[in-house]
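Undergrad: Here it is, the structure, as structure tokens.
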Amino acid sequence: MAAQSTLNCGCSTTSKLSYSSYIPNVLLKNKKLSMAGLVLALATTSWLKKKYNNKDAAKEKVLPNGDGNTTNTTNTEFTSSDKTSSSTTTTATTKNNKIANTGSKLKKRTASVDKRFFEQMRRLIPILIPGVKSKEFALVVSLALVLVLRTYLDIWFSGFNGAVVKSIVSRNKSVFKRKAIYEFAIMMWPLSIVNNALKLTKSSMASAFRSRLSQYAHDTYLKNLNFYRASNVDNRLHNIDQCVTQDIDKFSICLSNLYCGIAKPLVDVCLFSYKLQQAIGKGAPMIMILYFISVTIFLKKISPPFGKLISTEQRLEGDLRYSHSRLIAHSEEIGAYRGINREKIILDNLLKKVIKHIEKSNVLRFFNGIFDSIFVKYFATMLAFKLLARPLMDPKYATMFMGNAKATTSQLIEDYSRNSGYLVNLSQAIGRLILAGRDLSRFAGYTSRISDFIDVLSDIDQGIYSRYVKSKTEGARVHIIDTNRLGYKVIRNNDLIKFSNVPVVTPAGDVLIESLNFEVRPGVNLLITGPNGCGKSSIFRIINGLWPVFGGTLVVPDPENILYLPQKPYMILGTLRDQLIYPHTRSEALKRQYTDDKLERLLATVGLQHLLIREGGWDVVADWSEILSGGEKQRLAMARLYYHQPKFAILDECTSAVSTDIENHLFCTAKKYDITIISISHRASLLKYHTHLLRFDEQGNYEIELIDEISWKSNESEELVAEREFPST
Ligand SMILES: Nc1ncnc2c1ncn2[C@@H]1O[C@H](COP(=O)(O)OP(=O)(O)OP(=O)(O)O)[C@@H](O)[C@H]1O
């Protein structure tokens with residue numbers, strides 16, 4: 001029996017007959033006591049399960065707040081009618097109006113092996129295995145072949161073991177030598193190769209699945225502006241980074257383990273049942289299989305929802321990691337505010353939640369494990385003893401391979417040893433199937449997260465956004481935007497930016513400007529001003545296609561003809577050259593005749609040529625957003641503008657950290673390169689570089705003025721916003 005365990009590899013084992021030696025005698029002898037223990041343990045588990053489910057139901061209504069703690073929401077059902085853009089413009093009259101949205105129920109979603117899970121898998125499998133000629137399909141077939149080979153080797157080993165035991169008991173040296181030395185010396189090679197091939201194929205399959213799924217996730221997530229919309233317009237997905245990296249990895253490993261954990265035991269069950277029914281009678285394997293099926297059903301009834309537990313654990317881990325990455329990203333601000341104690345409270349709370357959840361899962365696993373052992377291992381062992389001994393104890397069940405009246409003792413020992421080997425393998429196979437069932441619900445947790453990710457991205461790709469919104473006045477609701485039903489029009493024109501009756505609406509449905517009308521042609525430089533939060537930057541978001549257009553007609557150039565310069569310019573992870581030419585690559589820059597010398601001249605125009613010496617040249621890779629000062633970053637962004645020379649540039653407070661000389665240089669150079677400027681600023685000193693002023697007030701009203709020399713001279717020292725108030729309409 002001990003020798004048989006040497007065969008085990010790759011797949012985990014559950015029901016081993018050898019466990020019989022551990023069964024406490026007292027339990028076997030005293031049926032009443034064992035039954036009492038069983039009832040007690042059962043009661044404990046069902047109580048725990050109930051407790052868990054009740055808590056969980058309460059948590060369905062709980063949302064995290066800023067402290068990493070939770071607050072209760074009461075409103076989970078919402079109703080409102082569908083409205084298109086035409087109704088938008090008529091219903092939206094003031095700022096803070098809400099665009100009427102499709103009401104939607106907050107659905108309770110569970111991660112378990114149900115209809116939804118199979119539907120999710122049906123959609124995921126074509127992504128994982130794109131066709132019969134794919135590498136993944138080849139791996140699936142190879143793994144199946146290796147698994148069948150493994151089963152044949154198990155059968156060989158059971159017979160071999162019986163023969164060796166017989167040769168020992170009958171003191172037959174020559175047979176012992178032939179079997180245990182020569183035959184085994186040959187067979188150890190295929191045994192070893194097959195076992196390791198199983199491991200290799202399994203891990204190759206996991207990494208092939210991971211690569212396929214990650215590629216798909218990258219393709220959809222990084223397509224168009226989906227990555228922006230997934231976190232800014234839609235808010236269904238949380239911790240997207242974790243989903244694209246960790247969850248996909250775990251899903252792939254779990255899937256290949258499951259494939260092994262189901263395919264191999266299935267082959268084993270068929271082959272060993274066949275062998276067993278020859279050896280100990282037709283009914284024996286059937287009794288064993290029926291026993292395991294009823295145990296599985298019973299265990300499923302009493303076991304906690306592991307899929308849901310895993311899914312919650314992943315979410316909580318993601319929240320914790322996200323908060324840590326925020327701490328790194330904002331370390332300077334947090335340090336300056338001495339805000340670390342506040343941050344620590346948030347992190348400690350999130351950590352507490354993760355640990356509490358893991359501990360709760362561990363307790364549930366502990367009780368669940370007790371039942372697994374009792375029913376899957378020990379009761380099964382008792383039943384196996386009975387079935388093995390039956391042909392000997394009752395001649396009615398005797399077969400050619402067990403209990404034959406003419407058989408010698410050594411023959412009986414060989415038969416017993418071989419048959420128990422078959423039974424061990426059959427029990428292990430069924431046990432593994434039960435375990436696979438358990439893994440399946442864990443796998444359902446990963447599947448649910450990944451399919452949600454894919455489904456939401458697919459919605460976003462089709463222009464359908466959903467957002468959970470909570471406000472004091474309206475309570476909680478789900479705000480759905482289906483851009484296919486909005487009556488807007490977008491026209492591409494590389495020489496014009498024009499808003500005709502376009503409302504400015506946030507993804508949460510707040511109407512910032514009811515109906516915006518203005519146009520910018522080459523040579524018309526527009527300065528946009530207004531109070532904080534009135535929607536100035538939102539205009540750029542609409543021009544760039546980041547936010548949905550809720551109505552009217554929008555004329556915009558192709559994206560390569562507009563460049564956006566924000567207050568805090570984005571710095572890519574890469575070389576200094578990469579910062580200057582972003583988003584171009586070096587080869588693209590060279591194609592445009594931008595050699596390093598020419599780039600150096602660009603740097604010189606913004607007074608940054610010293611960076612080349614200070615930082616060690618063009619090819620030094622660094623975290624430039626950390627290394628450069630705010631002003632240096634703004635100058636570098638200006639050099640980027642000179643490199644790209646787009647037709648239009650949107651400058652969003654992009655000169656706030658530089659001197660007026662440099663500011664002047666920027667606007668003069670832009671003029672020299674024929675770049676039409678749309679600036680967003682509160683500074684009256686910028687008036688002189690523009691021809692028109694678009695001024696908003698807090699109510700969403702606006703006015704467009706022509707800037708003549710007199711007006712900018714008289715306004716130069718003033719803040720543009722405070723200058724004038726508009727009557728509300
Ligand atoms: N992704 C988003 N989802 C929902 N609302 C948003 C989003 N981004 C911005 N908003 C809201 O839109 C409103 C306008 O924001 P915007 O950035 O356009 O203001 P702004 O006029 O540029 O302000 P500031 O002068 O402070 O930069 C704000 O109330 C803001 O909270």
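Position 450 of the sequence shown, counting from 1, maps to 450 under the UniProt record's numbering, and the rest follow consecutively.
Glycine residues also receive a C-beta, built at the ideal position from the N, C-alpha and C atoms.
This one's a predicted model, so the numbers in the text were calculated from it and none came from an experiment.
Could you check if Val191 is buried or exposed, using at least 16 other CB atoms within 10 Å of its CB as the buried criterion?
TA: Along the sequence shown, read from residue 1 onward, the residue named residue 191 stands at position 191. For clarity, residue 191 is Leu in the given sequence; the question names Val instead. It is buried - the Cβ of Leu191 has at least 16 other Cβ atoms within 10 Å.
Undergrad: Is the closest heavy atom of ligand 1 to the C-beta of Pro569 under 6 Å?
TA: Here residue 569 refers to the residue found at position 569 of the sequence shown. It does not: the Cβ of Pro569 is nowhere closer than 6 Å to a heavy atom of ligand 1.
Undergrad: What residue from Val244, Phe375, Gly335, Ala279 has the CA that sits closest to residue 784's CA?
TA: Given that the chain is displayed from residue 1 to residue 729, the structure contains no residue 784 and the question cannot be resolved.
Undergrad: With Val549 as the anchor, note down where its beta strand (DSSP E) starts and where it stops.
TA: For the purposes of this step, residue 549 is identified with residue 549 of the sequence shown, where counting begins at 1. No beta strand (DSSP E) contains Val549, which DSSP labels as neither H nor E.
Undergrad: Between the region 195-211 and the region 146-164, are three or more C-beta pairs nearer than 8 Å?
TA: Touching, per the Cβ criterion.
Undergrad: Following a CB-centred definition, is Lys536 positioned closer than 6 Å to any heavy atom of ligand 1?
TA: Your numbering for residue 536 matches position 536 in the sequence shown. Yes, the beta carbon of Lys536 sits closer than 6 Å to at least one heavy atom of ligand 1.
Undergrad: Go ahead and pull the three-state DSSP assignment for Phe298.
TA: Locating residue 298 in the sequence shown gives position 298, where the first residue counts as 1. The answer is helix: DSSP assigns Phe298 an H, G or I state.
Undergrad: Is Thr655 near ligand 1, going by C-beta to nearest heavy atom under 6 Å?
TA: Within the sequence shown, residue 655 is the residue found at index 655, counting from 1. False, no ligand heavy atom lies under 6 Å from that Cβ.
Undergrad: Please find out if some non-hydrogen atom of ligand 1 comes closer than 6 Å to the beta-carbon of Asn484.
TA: Here residue 484 refers to the residue found at position 484 when the sequence shown is read from its first residue. False, no ligand heavy atom lies under 6 Å from that Cβ.
Undergrad: Starting from Asp459, follow the alpha helix (DSSP H) in both directions and report where the run begins and ends.
TA: In the sequence shown, counting from the first residue as 1, residue 459 sits at position 459. Asp459 -> alpha helix (DSSP H) spans 409-461.
Undergrad: Just to confirm, are Phe696 and Ile562 a CB contact at a threshold of 7 Å?
TA: Locating residue 696 in the sequence shown gives position 696, where the first residue counts as 1. Locating residue 562 in the sequence shown gives position 562, where the first residue counts as 1. No, Cβ-Cβ distance for Phe696 and Ile562 is not below 7 Å.
Undergrad: Under 7 Å, do Val658 and Gly631 count as touching if we go by C-beta distance?
TA: For this step, residue 658 is matched to residue 658 along the sequence shown. For this step, residue 631 is matched to residue 631 along the sequence shown. Yes, the Cβ-Cβ distance between Val658 and Gly631 is below 7 Å.
Undergrad: Counting only the same chain and skipping the five closest in sequence on each side, list residues whose C-beta sits under 6 Å from that of Ile513.
TA: Walking along the sequence shown from the start, residue 513 turns up at place 513. The answer, listed in chain order, is Val504, Gly535, Gly700.
Undergrad: At what residues does the alpha helix (DSSP H) containing Ala185 begin and finish?
TA: Numbered from 1 along the sequence shown, position 185 holds the residue referred to as residue 185. First-last of the alpha helix (DSSP H) with Ala185: 184-221.
Undergrad: Within 10 angstroms of its Cβ, does Phe272 collect 16 or more other Cβ (buried), or is it exposed?
TA: Translated into positions along the sequence shown, residue 272 becomes position 272. Buried, since its Cβ has 16 or more Cβ neighbours within 10 Å.
Undergrad: Taking contact to mean 3 or more Cβ pairs, one atom from each stretch, closer than 8 Å, check whether the region 131-145 and the region 371-379 are in contact.
TA: As far as the Cβ criterion goes, the region 131-145 does not touch the region 371-379, which means the pair count is below three.
Undergrad: Does Lys470 pass the burial test, meaning 16 or more other C-beta atoms within 10 Å, or should it be called exposed?
TA: On the sequence shown, residue 470 is found 470 positions in, with the first residue counted as 1. Looking at its Cβ environment, which holds fewer than 16 other Cβ atoms inside 10 Å, Lys470 is exposed.
Undergrad: What residue does the alpha helix (DSSP H) around Val319 start on, and which one ends it?
TA: For the purposes of this step, residue 319 is taken as the residue at position 319 of the sequence shown. The residue asked about is misnamed: residue 319 is Asp in this sequence, not Val. Per DSSP, Asp319 belongs to the alpha helix (DSSP H) from 306-329.
Undergrad: Buried or exposed, going by whether 16 or more other CB atoms sit within 10 Å of the CB of Pro304?
TA: Along the sequence shown, read from residue 1 onward, the residue named residue 304 stands at position 304. By the 10 Å Cβ count, Pro304 comes out buried.
Undergrad: Any heavy atom of ligand 1 closer than 6 Å to the beta-carbon of Gly545?
TA: Within the sequence shown, residue 545 is the residue found at index 545, counting from 1. No, Cβ of Gly545 sits at least 6 Å from all heavy atoms of ligand 1.
Undergrad: What is the DSSP secondary structure of Pro285, reduced to helix, strand or coil?
TA: Taking the first residue of the sequence shown as 1, we reach residue 285 at position 285. Three-state DSSP puts Pro285 in a helix.
Undergrad: The beta strand (DSSP E) that contains Arg695, what's its start and end?
TA: If you number the sequence shown from 1, residue 695 lands on position 695. 692-696 is the span of the beta strand (DSSP E), which, as asked, contains Arg695.
Undergrad: So, is Ala639 buried or exposed, given that buried needs 16 or more other C-beta atoms within 10 angstroms?
TA: In the sequence shown, counting from the first residue as 1, residue 639 sits at position 639. By the neighbour-count rule (16 or more Cβ atoms within 10 Å), Ala639 is buried.
Undergrad: In angstroms, rounded to a whole number, what distance separates the CA positions of Phe306 and Arg442?
TA: For the purposes of this step, residue 306 is identified with residue 306 of the sequence shown, where counting begins at 1. For the purposes of this step, residue 442 is identified with residue 442 of the sequence shown, where counting begins at 1. Cα to Cα, the separation comes out at about 6 Å.
Undergrad: For Val502 versus Gly552, is the C-beta distance shorter than 7 Å?
TA: Here residue 502 refers to the residue found at position 502 when the sequence shown is read from its first residue. Here residue 552 refers to the residue found at position 552 when the sequence shown is read from its first residue. Against a cut-off of 7 Å, the Cβ pair of Gly552 and Val502 comes out as a contact.
Undergrad: Would you say the beta carbon of Asn232 comes nearer than 6 Å to a heavy atom of ligand 1?
TA: In the sequence shown, residue 232 corresponds to position 232, counting from 1. The answer is yes for Asn232.
Undergrad: Following the continuous alpha helix (DSSP H) through Glu703, name the residue where it begins and the one where it ends.
TA: The residue labelled residue 703 in the question sits at position 703 within the sequence shown. No alpha helix (DSSP H) contains Glu703, which is instead part of the beta strand (DSSP E) from 702-706.
Undergrad: What is the residue span of the beta strand (DSSP E) that Pro503 lies within?
TA: The residue given as residue 503 occupies position 503 in the sequence shown. Taken as a continuous stretch (DSSP letters only), the beta strand (DSSP E) holding Pro503 covers 497-505.
Undergrad: Residue 755 to His644, Cα distance in whole Å?
TA: Nothing can be reported for residue 755: it is not among the residues displayed for the chain, which extend from 1 to 729.
Undergrad: Under 6 Å: does the beta carbon of Thr506 sit that close to some heavy atom of ligand 1?
TA: On the sequence shown, residue 506 is found 506 positions in, with the first residue counted as 1. Yes, ligand 1 has a heavy atom inside 6 Å of this Cβ.
Undergrad: Can you find at least 3 beta carbon pairs, one from the region 678-686 and one from the region 513-532, that sit closer than 8 Å?
TA: Yes, the region 678-686 touches the region 513-532.
Undergrad: Is Gly339 near ligand 1, judged by its Cβ being under 6 Å from some heavy atom?
TA: Taking the sequence shown and counting its residues from 1, one reaches residue 339 at position 339. No, the Cβ of Gly339 stays beyond 6 Å of every heavy atom of ligand 1.
Undergrad: Taking the straight line between their C-alpha atoms, what separation do you get for Tyr22 and Asn239?
TA: What you label residue 22 is simply residue 22 of the sequence shown in a count that begins at 1. What you label residue 239 is simply residue 239 of the sequence shown in a count that begins at 1. Residue placement at Tyr22 cannot be trusted, given a pLDDT of 34 that sits under 50; the coordinates are not used to answer.
Undergrad: From Ile181, Leu486, Asp114, Glu313, pick the residue whose C-alpha is nearest to that of Lys352; which is it?
TA: Residue 352 sits at position 352 when you count from the first residue of the sequence shown. The option with the nearest alpha carbon to Lys352 is Glu313.
Undergrad: Below 8 Å, can you find three or more Cβ-Cβ pairs linking the region 243-254 to the region 206-214?
TA: The region 243-254, when compared against the region 206-214, does touch it at the 8 Å Cβ threshold.
Undergrad: Following the continuous alpha helix (DSSP H) through Leu516, name the residue where it begins and the one where it ends.
TA: One-based indexing of the sequence shown puts residue 516 at position 516. Note, Leu516: premise wrong, no alpha helix (DSSP H); beta strand (DSSP E) at 510-520.
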